[in-house]
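Novice: The following block contains the structure, expressed as structure tokens.
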Amino acid sequence: MNPTALMIMLLSLAIGTTMTLMSHHWLLAWVGLEINTLAIIPLMTKTPHPRAIEAATKYFLTQASASALILFSATMNAWKTGEWSITLLSDPYTITLSMALMMKLGLAPLHFWLPEVIQGIPLSTGLILSTWQKIAPMTLLLQISHLTDLKLLITMGLTSILIGGWGGINQTQLRKVMAFSSIGHLGWMVLILKFNPQLTLFNFLLYVTMTAAMFFSLMSISSTKISEISSSWPKSPILVTTMMLVLLSLAGLPPLTGFSPKLLIILELAKQNTLLLASVTMLASLLALFFYLRLTYVMILTLPPHIPPSSTHWRTTKNSPLTATMTTLALLIFPLSPTFLLII
Numbered sequence: 005m006n007p008t009a010l011m012i013m014l015l016s017l018a019i020g021t022t023m024t025l026m027s028h029h030w031l032l033a034w035v036g037l038e039i040n041t042l043a044i045i046p047l048m049t050k051t052p053h054p055r056a057i058e059a060a061t062k063y064f065l066t067q068a069s070a071s072a073l074i075l076f077s078a079t080m081n082a083w084k085t086g087e088w089s090i091t092l093l094s095d096p097y098t099i100t101l102s103m104a105l106m107m108k109l110g111l112a113p114l115h116f117w118l119p120e121v122i123q124g125i126p127l128s129t130g131l132i133l134s135t136w137q138k139i140a141p142m143t144l145l146l147q148i149s150h151l152t153d154l155k156l157l158i159t160m161g162l163t164s165i166l167i168g169g170w171g172g173i174n175q176t177q178l179r180k181v182m183a184f185s186s187i188g189h190l191g192w193m194v195l196i197l198k199f200n201p202q203l204t205l206f207n208f209l210l211y212v213t214m215t216a217a218m219f220f221s222l223m224s225i226s227s228t229k230i231s232e233i234s235s236s237w238p239k240s241p242i243l244v245t246t247m248m249l250v251l252l253s254l255a256g257l258p259p260l261t262g263f264s265p266k267l268l269i270i271l272e273l274a275k276q277n278t279l280l281l282a283s284v285t286m287l288a289s290l291l292a293l294f295f296y297l298r299l300t301y302v303m304i305l306t307l308p309p310h311i312p313p314s315s316t317h318w319r320t321t322k323n324s325p326l327t328a329t330m331t332t333l334a335l336l337i338f339p340l341s342p343t344f345l346l347i348i
């Protein structure tokens with residue numbers, strides 16, 4: 005893609021998200037979401053492949069449907085209350101707005117577009133879609149969290165955790181694995197949204213850090229399939245080692261970064277006397293743990309001396325400082341969790 009066009013698209017993404025973050029008005033928030041949607045579509049189709057065109061079309065139709073529902077619900081709410089304020093919602097429109105924002109995020113059962121779209125686009129665009137594009141809808145969801153129905157959030161959260169784990173088990177494509185990982189992590193965030201919005205924000209920040217670290221690592225070794233990642237050890241041993249640890253962090257194993265949000269969410273659910281919900285959530289997360297461990301196991305099997313001589317490559321992979329920074333954060337934030345929570 006032309007560097008000027010690329011810069012315009014990235015600037016538009018930044019402007020769209022900033023506009024939504026700064027708005028107190030549903031119409032301005034909707035405009036920001038639309039700028040975001042339109043800016044990422046050229047990035048999806050920068051490789052003119054039928055799969056990329058299909059992914060961009062699916063993304064546009066899904067996001068346009070969600071945006072239309074947001075605009076319609078906000079208009080009807082303004083007609084009823086006389087206010088366009090984001091935090092002033094009447095009862096029937098809170099549910100429709102919440103569902104539309106969850107569709108934009110890719111929460112189950114409104115998740116069907118997300119794995120297919122991420123599978124059809126380059127890793128760099130998949131990184132933007134999995135991290136930056138979720139900031140604006142998540143911010144709006146946080147602002148209306150006190151008005152959202154608790155049963156809806158619990159149902160969507162548990163469904164997302166289950167589908168995020170179940171869908172990722174049989175995948176051989178790393179981009180689809182990351183898509184189902186995203187669905188599962190968003191389920192954890194929505195589950196605790198009504199009880200403790202600050203914890204949802206903390207979980208979201210750590211999710212963005214860990215997902216960015218994983219995507220940057222995959223981009224460094226240019227791997228999109230499990231079969232490709234299994235032969236990457238000779239190219240960059242240190243990077244593959246840190247990738248294994250980032251996967252375990254995404255799984256939520258101690259003492260890595262990903263353990264802290266899961267621990268705090270379970271403690272909060274126990275504090276709210278919802279022990280059954282906490283137990284079901286922990287059991288459902290075992291499905292996701294399985295496919296993370298399977299990926300790690302595939303990497304371990306290729307460590308020396310298990311590498312066949314024919315699969316050895318020259319070590320030509322260069323690790324960028326950004327990859328190193330995100331990986332470090334994705335592994336070592338756990339001891340600093342109380343400090344980050346105090347800041348939030």
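Going left to right, the sequence shown walks through residues 5 to 348 as the working numbering numbers them.
C-beta: ideal position from N, C-alpha, C; glycine also.
1. Taking the straight line between their C-alpha atoms, what separation do you get for S315 and F294?
2. Pull the bridge partners of Q177 from the DSSP assignment, please.
3. Opposite H29 in the DSSP bridges: which residues?
4. Identify, in the order they occur along the chain, each residue of the same chain with its Cβ nearer than 7 Å to the Cβ of T423, setting aside the five sequence neighbours on each side.
5. Looking at K229 and L178, is the spacing between their C-beta atoms short of 8 Å?
6. What does a CB cutoff of less than 8 Å around A112 pick up in its chain, not counting 5 residues either side in sequence?
7. Quick check on W83: buried or exposed, where buried means 16 or more other Cβ atoms within 10 Å of its Cβ?
8. Go to K108, then tell me how far its alpha helix (DSSP H) extends in each direction, as first and last residue.
9. Buried or exposed for I173, going by 16 or more other Cβ atoms inside 10 Å?
10. If we count the other Cβ atoms within 10 Å of its Cβ and call it buried at 16 or more, is M5 buried or exposed?
11. Is M218 helix, strand or coil by DSSP?
12. Take G256 and list the residues in its own chain whose beta-carbon comes closer than 6 Å to its own, dropping the five residues that flank it on each side.
13. Do you know offhand how far A60's Cα is from I44's?
14. Would you identify the three-state DSSP class for N6, choosing helix, strand or coil?
15. By alpha-carbon positions, which one of L254, V250, S253 and S221 ends up nearest to K239?
16. From L151 to P241, what distance separates their C-alpha atoms?
17. Applying the 10 Å Cβ sphere with the 16-neighbour rule, what's the burial state of T331?
18. Determine, using beta carbons only, whether M286 and I304 come nearer to each other than 8 Å.
19. Select from Y211, K50, I148 and F338 the residue whose C-alpha is nearest the C-alpha of S89.
20. Using 10 angstroms around the beta-carbon of T41, count the other beta-carbons present and answer buried if the total reaches 16, otherwise exposed.
21. Run the CB neighbour count on M48, radius 10 Å, all protein chains shown included, and call it buried at 16 or more, exposed below.
Specialist: So, from the data block:
1. With a pLDDT of only 49 at S315, under 50, the local geometry of the prediction cannot be trusted, and the value read off the model is given with reservation. Near 27 Å, if we compare the C-alpha coordinates of F294 and S315.
2. K229
3. S89
4. Look at the range of the chain in this structure, 5 to 348, and you will see that residue 423 is not part of it.
5. yes
6. M160, T163, S164, L166, I167, G168, I187 and G191
7. exposed
8. D95 to L109
9. exposed
10. exposed
11. helix
12. G262, F263 and K266
13. 9 Å
14. coil
15. S221
16. 49 Å
17. buried
18. no
19. I148
20. buried
21. buried
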